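See below for the structure under consideration.
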Amino acid sequence: AQKVTQAQTEISVVEKEDVTLDCVYETRDTTYYLFWYKQPPSGELVFLIRRNSFDEQNEISGRYSWNFQKSTSSFNFTITASQVVDSAVYFCALRQNTGFQKLVFGTGTRLLVSP
Amino acid sequence: KAGVTQTPRYLIKTRGQQVTLSCSPISGHRSVSWYQQTPGQGLQFLFEYFSETQRNKGNFPGRFSGRQFSNSRSEMNVSTLELGDSALYLCASSQSTTSNEQFFGPGTRLTVL
């Protein structure tokens, strides 16, 4: 069975601080995809980043970066120089590489960025 | 290019009633998935449709059903509503079953009284 754990329920930071959101996953599949989504108060889930299981290269995209470590089944997400507009709930998700679109989500981490 | 649209955005029903929610995917997208989001259970997968066929179903009772039309628009139906069905229902579309990106709509917030 697949499972995604986001142990941090809520994080509060002050603007311009860096913040890392943790994600640990469980799967028996050898190939899979990992995602981060952002959910602002409007409710719509906004896609942020994707990583497949056979590419452990960590990247930076603007203020976003991620650290994928297959050995520890972790897929952490960092926002550099946080802004008030980053305040939202962030979800980590897992998808099998089987041709199905089903996403298994973590419970989410609420990020509050204050000015 | 228009995004995923869901109608209605808000809905209030009473126990025992039934409800139909609609989702129009991004133009050209043929795969539609539905998710239920509640404070207690989080985001849970309901169904996935492609070319008018249900390809995958989550662990929900038979009161939850859905379908997809030839234009890729999808509807989900919940019969005999219960208080616990109150949730945000999110629809996601992707180009195909193997696409690596799903785009979500704004959701339909259902309240059951």
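If you read the sequences in order, they're chains A and B.
If you count the first sequence from 1, position 33 lands on 61 in the numbering used here, and the numbers rise without skipping.
If you count the second sequence from 1, position 108 lands on 128 in the numbering used here, and the numbers rise without skipping.
Ideal placement from N, C-alpha and C gives every residue a C-beta, glycine not left out.
Treat the numbers as computed from the prediction; the structure is a model and nothing was measured.
Alpha-carbon spacing of residue i relative to residue j, whole angstroms
i: B:G104; j: A:G136; result: 20 Å
i: B:S44; j: A:D57; result: 32 Å
i: B:S90; j: B:G60; result: 35 Å
i: A:G90; j: A:A109; result: 10 Å
i: A:E72; j: A:E38; result: 19 Å
i: B:E72; j: B:L31; result: 26 Å
i: B:Y69; j: A:Y61; result: 20 Å
i: B:V24; j: B:Y55; result: 14 Å
Residue i vs residue j beta-carbon contact at 9 Å
i: A:Q111; j: A:K44; result: yes
i: A:R79; j: A:F103; result: yes
i: B:T58; j: B:S106; result: yes
i: B:S116; j: B:R50; result: yes
i: A:V32; j: A:A121; result: yes
i: B:L63; j: A:F133; result: yes
i: A:T100; j: A:S81; result: no
i: A:F63; j: A:L131; result: yes
Cut-off 8 Å between Cβ atoms - residues of its own chain near residue i, not counting five sequence neighbours on either side
i: A:E84; result: F96, Q97, K98
i: A:P69; result: A116
Spatial neighbours of residue i in its chain, beta-carbon cut-off 6 Å, leaving aside the 5 residues before and after
i: B:T34; result: L133
i: B:A112; result: S53, Q122, F124
CB contact check: residue i to chain B, cutoff 9 Å
i: A:S102; result: no
i: A:E72; result: yes
i: A:G136; result: yes
i: A:K31; result: no
i: A:L49; result: no
Closer than 9 Å to chain A by CB, residue i
i: B:F123; result: yes
i: B:G62; result: yes
i: B:A16; result: Since the first residue of chain B shown is 21 and the last is 133, residue 16 of chain B is not available in this structure.
i: B:P28; result: no
Close Cβ partners of residue i (< 7 Å) along its chain, the five nearest in sequence each way excluded
i: B:R83; result: V98, S99, T100
i: B:G48; result: Q115
i: B:S92; result: P45, H49, R50, V52
Cβ pair count under 8 Å reaching 3, the stretch 79-99 of chain B against the stretch 32-50 of chain B: yes
Three or more C-beta pairs below 8 Å linking the stretch 64-78 of chain B and the stretch 123-132 of chain B: no
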